[in-house]
Amino acid sequence: MSDLRATHAEPRVLWRDPLFLVAVAAGLLTWAVLYFIQQPAVQWNWPLVRPWQFLLPVLLYPIVEEIVFRGLIQELVRDTISRHSLGPLTIANLLTSLLFTGLHFIYHTPLWAALVFFPSLVFGFFKDRTDRLVAPIILHVFYNAGYLWLFSAPQ
Numbered sequence: 363m364s365d366l367r368a369t370h371a372e373p374r375v376l377w378r379d380p381l382f383l384v385a386v387a388a389g390l391l392t393w394a395v396l397y398f399i400q401q402p403a404v405q406w407n408w409p410l411v412r413p414w415q416f417l418l419p420v421l422l423y424p425i426v427e428e429i430v431f432r433g434l435i436q437e438l439v440r441d442t443i444s445r446h447s448l449g450p451l452t453i454a455n456l457l458t459s460l461l462f463t464g465l466h467f468i469y470h471t472p473l474w475a476a477l478v479f480f481p482s483l484v485f486g487f488f489k490d491r492t493d494r495l496v497a498p499i500i501l502h503v504f505y506n507a508g509y510l511w512l513f514s515a516p517q
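Below is the structure:
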């Protein structure tokens with residue numbers, strides 16, 4: 363496992379990892395499907411007009427959340443409670459994702475908060491796969507950017 367972790371941990375190598383590319387493609391596909399289902403009135407240039415309203419949740423929040431949830435909590439659960447897996451997902455990832463999702467109910471609608479569970483599993487999977495936070499942070503930034511750009515434009 364250490365060879366796999368060393369191989370897939372660096373950003374320049376991540377782009378050659380087929381599973382990482384699937385995770386990126388899943389984000390693009392999800393945005394497209396949600397866009398056509400919801401038909402949001404998108405002001406396409408809003409991140410340029412209000413950069414801090416875009417940059418904080420796109421850059422700062424994912425970094426802090428990944429350090430706390432994948433870097434601290436997931437590792438703590440893995441080291442103290444369980445190193446077991448259910449298929450490709452560790453128990454630590456599942457429990458951390460449940461907590462991560464639960465906290466999103468505080469400031470999201472129930473549907474959006476519940477949907478956070480799936481990307482959280484992806485972030486945790488890549489934390490387990492690489493034993494580093496690079497891939498989860500990159501994916502979290504990418505997922506937040508698409509979501510915010512399409513569905514959180516200021517009115």
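With my numbering applied, the sequence shown covers 363 to 517.
We treat Cβ as the ideally placed atom computed from N, Cα and C, and that holds for glycine.
Check: Supposed contact pair G486 and R412 - C-beta distance, whole angstroms, cut 8 Å; Outcome: That belief does not hold up - the Cβ atoms of R412 and G486 are roughly 31 Å apart, past 8 Å.
Check: Buried versus exposed, by CB contacts within 10 Å (16 or more), T452; Outcome: buried
Check: Ranges of the alpha helix (DSSP H) found wholly within the region 391-444, counting only runs of at least 4; Outcome: 408-411, 413-417, 423-427, 437-442
Check: Nearest neighbour of L434, chosen from W377, L376, K489, P481 [CA to CA]; Outcome: K489
Check: Cβ shell of S459 (< 7 Å), same chain only, five flanking positions each side left out; Outcome: F479, S482, L483, G486
Check: Nearest residue (CA-CA) to E427, options T463, L383, S514, F513; Outcome: T463
Check: G389 and Y505 closer than 7 Å at C-beta; Outcome: yes
Check: Alpha-carbon spacing of Q400 relative to L410, whole angstroms; Outcome: 23 Å
Check: Three-state secondary structure assigned by DSSP to A368; Outcome: Interpretation of A368 is limited by its pLDDT of 46, a score under 50 that renders its predicted location unreliable; the figure taken from the coordinates is listed afterwards. In the structure shown, A368 sits in a helix (DSSP, three-state: H, G or I).
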